[in-house]
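Below is one structure; the comments refer to it alone.
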Amino acid sequence: MNVAEGSKTSGAALRLCEAIRIVPQAAGSEAGAALLADLEPALDALSLDGDARDRTSAFLAGALTNAPFLRDLACADPERLAGILSSVPQARVDRLIGETREVAGDDEAAVMAALRRLKKDLALTLALADIAGALDLDAVTGSLSRFADATLTAAIRFCLRDLARRGKFAIRDEAAPERDCGFVILAMGKYGAFELNYSSDIDLIVLYDPEHAPVTGGAEAPVEFVRLTKRLVKIMGDRTADGYVFRTDLRLRPDPGATPLAMSIPAALVYYESLGQNWERAALIKARACAGDIPCGESFLKEIVPFIWRKYLDYASIADVHSIKRQIHVHKGHGEIAVAGHNVKLGRGGIREVEFFAQTQQLIAGGRITELRGRRTLDTLATLAELDWIAADARDELTETYRFLRCVEHRIQMVNDEQTHILPAEEEARARVSRLMGYDDMGTFESDLRTRFRIVQKHYSALFENEPELASDLGNLVFTGDDDDPETLETLSGLGYQRPKEACKIIRAWHFGRYPAVRSSKARERLTELHPVLVAALASTDNADQALLAFDGFLSKLPAGVQLFSLLRSNPQLLHLLATVMGSAPRMGEVVSKRVHVLDAVMDPAFFGAMPTSAEFRAGLARTLDLARFYEDALDRARVFAQEQQFLIGIRLLSDTLTAHQVGEALARLAESIIAGLMPFVMDHVAENHGRLESADWAVLAMGKLGGREMTASSDLDLILLYDHDEGTEETDGKRPLAPSQYFIRLTQRLVSALSAPTAEGRLYEVDFRLRPSGNAGPLATRLSSFEAYQVSEAWTWEHMALTRARVIASSGAAFKERIETHIGETLARPREAGKIAAEVAAMRARIEAEKGTKDIWDLKQVAGGLVDIEFIAQFLQLVHAAERPEILSQTTETALERCRDAGYLAAGDAEVLIPAIRLYHALTQVQRLTLEGAFKVDTVPRGVKELLVHAGEAPDFAHLEHSMAECQQRVRAIFERLVGKVEIPAGQGG
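The opening residue of the sequence shown carries number 2 in the working numbering; numbering runs sequentially from there.
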């Protein structure tokens with residue numbers, strides 16, 4: 002006979018040696034004979050007749066040669082073994098439980114030793130009775146659970162008495178100190194349902210009532226009960242020479258990463274009422290006050306009944322529980338289950354699927370149908386059938402299968418007293434389990450196992466057949482509860498996560514509602530549904546762990562989540578774009594987390610079309626600034642607008658819908674629009690105190706990257722403010738009038754502040770006015786006549802080089818703008834001596850190289866043959882040839898080079914090096930500035946950023962990109978030295 006053929010408890014009160022119904026095969030005749038020789042004293046003590054002794058001997062040989070843990074227990078104390086064999090199993094178990102409850106003493110070590118000796122006796126008694134078929138599953142699991150209750154009670158009594166001895170606790174009942182103590186332990190999971198398995202941890206939630214607990218002598222309940230809990234864990238779980246009692250797990254308490262081991266009942270109630278998750282509802286179905294102040298625990302459980310059991314058919318919330326289990330991949334008949342290595346608890350067709358089959362239906366209807374509120378899985382299956390929720394054959398098949406699989410689970414654990422649920426991969430180890438189940442042939446055992454896995458799959462899949470599949474083909478993705486699901490860790494590793502345990506921990510934490518975005522149950526349901534596509538999208542960035550950390554940071558800053566999670570679920574492309582940002586562009590990730598609605602624009606089909614025009618930028622900014630209620634509000638709104646638009650421009654670069662050149666132009670247009678849009682507000686702000694200067698003109702002159710329309714995400718704004726006024730105008734017309742020069746200086750100061758001062762919404766741009774006449778030594782704002790005179794007679798060659806990039810981006814009127822542009826054009830088109838200019842440009846390049854030179858090819862601006870070389874070549878050519886051909890002038894370096902080539906001032910061969918080079922440098926610089934803060938260190942750059950750089954550089958891989966960059970820089974420097982001159986760093990300078 003084997004377990005599959007039935008193992009109900011014997012009706013008569015038979016001793017174990019008389020109640021043996023299943024005799025396992027021994028692992029080997031020699032091993033069996035040697036074992037029986039060691040156990041002969043125990044067998045002699047039984048005084049059995051021939052047949053009975055032979056049967057008992059065969060049973061012991063079979064049970065103990067296949068289970069080393071049981072063999073060691075039996076051989077360590079033959080007298081105890083004789084007592085077990087000569088006792089009625091259930092009577093012995095009940096006596097052991099009674100003795101355990103009464104274990105007492107003043108010495109902690111003595112209490113720990115006593116509990117461990119009793120646990121060994123119980124473990125051997127139950128294992129032998131279970132293998133023999135003398136006790137059925139319910140008796141075994143119920144006895145293990147009641148024994149755990151007794152051990153916890155004994156440990157609590159010891160701790161409370163010790164606390165009382167130290168004057169910190171007033172015991173109300175000396176015989177039972179736990180009565181009315183305000184400290185209670187809830188048994189969770191299988192333990193709560195009296196379904197504890199053979200080598201299980203015990204899942205506990207420890208609570209106390211701070212108002213009711215009789216702490217004394219200035220002691221504080223939170224402190225003392227956390228200490229007491231730690232001591233309990235030690236008494237129960239520490240391994241000593243006598244072994245251990247039970248491993249304890251306290252992670253099912255509310256938000257275990259952020260709460261103490263013992264939690265006050267008011268705090269727990271607040272958590273469940275506001276942040277409780279649906280998987281916690283499922284877990285609390287089995288919760289039971291098992292030790293300590295039982296009435297206190299039962300009162301708490303009664304109080305959270307509305308949380309566990311919703312009043313109406315709860316299909317909305319059950320979607321979340323369904324999604325939890327739909328993630329455990331439902332294989333509907335795809336492929337044969339391999340028995341070797343299969344997890345009988347969590348694997349396909351396993352115990353967990355039977356439990357969730359029952360629990361999900363309890364959660365749906367238990368609020369209305371109180372009969373469905375039972376803790377035990379088999380009782381729930383019976384009730385579901387009585388209520389016609391499931392067919393009788395489903396109940397019968399699942400009940401028999403559940404019992405069978407639980408017996409297999411026990412035998413897996415009995416072999417070495419390990420909390421494992423995995424059938425061994427090695428054939429001989431698997432054969433031990435088969436023999437302990439009473440099978441003579443492992444093939445039959447494995448066939449019976451597969452049959453039962455298929456039965457569970459059939460019923461479990463049917464339960465969810467109308468639910469959308471979540472796990473797709475990725476595999477398990479289970480992040481609820483408190484344990485790492487082994488198959489989920491495998492799935493994550495396979496997807497490319499280097500630290501799958503850390504990934505599980507991060508995702509699981511989302512479900513504790515610590516972030517505002519996941520406080521609501523609806524948000525958590527949507528997030529659960531998003532798991533598979535989200536995990537896959539982040540993995541696709543080639544930097545899965547970094548992308549997940551960035552997404553976690555993003556999630557932590559989100560004000561709300563439902564809308565975004567729904568949006569991402571229904572728009573995979575958007576999710577992949579967001580994943581790219583998280584994996585490759587932390588700068589942009591910051592923007593999304595603060596301004597989630599920027600993603601709305603990405604959803605517009607027209608978004609990836611044409612680049613925004615200046616008119617579109619200005620109209621959009623005007624709409625937002627029109628809503629400003631006061632000056633500071635306008636500054637904040639401008640910052641929000643700029644950050645959003647910079648993000649959207651960046652997204653276009655990452656998604657390959659804009660070139661680097663177009664991005665530089667778009668960012669420049671945006672900056673121009675911001676300056677032009679803010680100037681009226683700045684002038685109004687100055688006017689509040691100082692009035693205005695009627696009939697005066699002003700203009701903002703852009704220089705550098707902004708002037709050249711080559712801005713990046715982190716570019717400064719190089720600006721000059723020019724003005725003019727009638728000679729007769731002496732001061733402004735306000736209550737505190739200013740002279741014209743002072744007025745424009747004040748206006749410039751306010752403009753700088755409006756652009757660069759940090760507000761609640763951050764800063765817009767860093768601003769630099771050092772390119773004005775005389776630099777920092779000159780006034781902040783410059784009258785046009787002074788500017789013109791300076792450029793004619795005082796400006797250095799480098800200042801005229803800078804002037805090649807100057808353009809008016811905001812002004813009081815077209816006439817003043819034209820006057821400035823005419824003067825700049827005339828200044829640049831003055832005849833110049835080529836040799837003199839070349840020497841000055843080369844000397845200036847040498848000075849810069851002495852100060853900032855580098856061998857780092859990724860310092861694209863300063864490296865020899867980098868951006869500065871190309872920009873200086875373009876500026877040199879314009880200064881020496883514009884007198885002859887003024888049409889070559891352009892603020893944009895690439896355009897200036899093209900015009901010089903077309904005019905014959907730049908050889909075609911040189912242009913073929915310089916123009917692709919500047920395009921490459923700009924493309925790489927845009928990616929660098931878009932994705933990363935600070936200096937670019939190639940050794941620490943995320944892989945995702947490297948991928949973007951490779952793509953931007955149109956190279957097959959990163960090594961090829963670096964090689965082609967180095968070659969390009971050498972060619973550019975050679976052209977610079979041929980056209981302009983040698984870069985000779987003066988002696989004593991340079992690094």
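In this text, a Cβ means the ideal position worked out from N, Cα and C, and glycines have one as well.
Counting C-beta neighbours from all protein chains within 10 Å, is the total for residue i 16 or more, i.e. buried, or is it exposed?
i: Asn690; result: exposed
i: Arg173; result: exposed
i: His882; result: buried
i: Asn467; result: Residue confidence is low: Asn467 scores 48 on pLDDT, short of 50, so the model does not pin down where it sits. No coordinate-derived value is stated.
i: Arg327; result: With a pLDDT of 49 at Arg327, under the threshold of 50, the modelled position of this residue cannot be trusted, and the question is left open.
i: Glu968; result: exposed
i: Trp797; result: exposed
i: Arg979; result: exposed
i: Ala242; result: exposed
i: Thr217; result: exposed
i: Thr823; result: exposed
i: Ser716; result: buried
i: Ser754; result: exposed
i: Gln420; result: exposed
i: Gly729; result: exposed
Can the beta-carbon of residue i be found less than 7 Å from the beta-carbon of residue j?
i: Val984; j: Ala839; result: no
i: Arg527; j: Phe555; result: no
i: Tyr724; j: Arg773; result: no
i: Ala661; j: His923; result: yes
i: Glu762; j: Arg944; result: no
i: His577; j: Ala538; result: yes
i: Ala130; j: Leu136; result: yes
i: Ser674; j: Leu622; result: yes
i: Leu748; j: Val687; result: yes
i: Leu208; j: Ala269; result: yes
i: Leu861; j: Ala875; result: no
i: Leu47; j: Leu86; result: yes
i: Val306; j: Leu262; result: no
i: Ile889; j: Ala865; result: no
i: Leu718; j: Phe770; result: no
i: Thr57; j: Val94; result: no
i: Ala504; j: Leu493; result: yes
i: Arg930; j: Thr713; result: yes
If you draw a straight line from the C-alpha of residue i to the C-alpha of residue j, how long is it?
i: Asp418; j: Asp202; result: 11 Å
i: Ser448; j: Phe454; result: 10 Å
i: Gln750; j: Pro738; result: 16 Å
i: Glu731; j: Arg630; result: 33 Å
i: Gly334; j: Ser462; result: Low local confidence applies: a pLDDT of 38 at Gly334 is under 50, so the model's placement there is unreliable, with the coordinate-based value given in what follows. One C-alpha to the other measures close to 10 Å.
i: Leu37; j: Arg404; result: 31 Å
i: Glu225; j: Cys160; result: 10 Å
i: Asp685; j: Thr855; result: 46 Å
i: Pro178; j: Phe170; result: 10 Å
i: Glu281; j: Gly238; result: 25 Å
i: Arg500; j: Ala545; result: 9 Å
i: Arg118; j: Tyr245; result: 9 Å
According to DSSP, residue i sits in a beta bridge with which residue or residues?
i: Phe566; result: Bridge partners of Phe566: none, in fact.
i: Ser812; result: Ala700
i: Ser265; result: Tyr209
i: Asn344; result: Ile423
i: Val768; result: Leu718
Pop quiz: residue i and residue j are said to be a contact at Cβ under 8 Å. What is the actual Cβ separation, rounded to whole angstroms?
i: Asn198; j: Thr142; result: 7 Å
i: Gly665; j: Arg710; result: 6 Å
i: Val592; j: Phe642; result: Incorrect: roughly 12 Å between the Cβ atoms, too far for contact.
i: Arg806; j: Gly705; result: 6 Å
i: Val457; j: Gly351; result: 7 Å
i: Ala32; j: Leu153; result: The pair is not a contact, with the Cβ atoms about 38 Å apart (cut-off 8 Å).
i: Pro223; j: Gly183; result: That belief does not hold up - the Cβ atoms of Pro223 and Gly183 are roughly 12 Å apart, past 8 Å.
i: Pro741; j: Ala677; result: At roughly 22 Å, the Cβ-Cβ gap does not stay under 8 Å, so Pro741 and Ala677 are not in contact.
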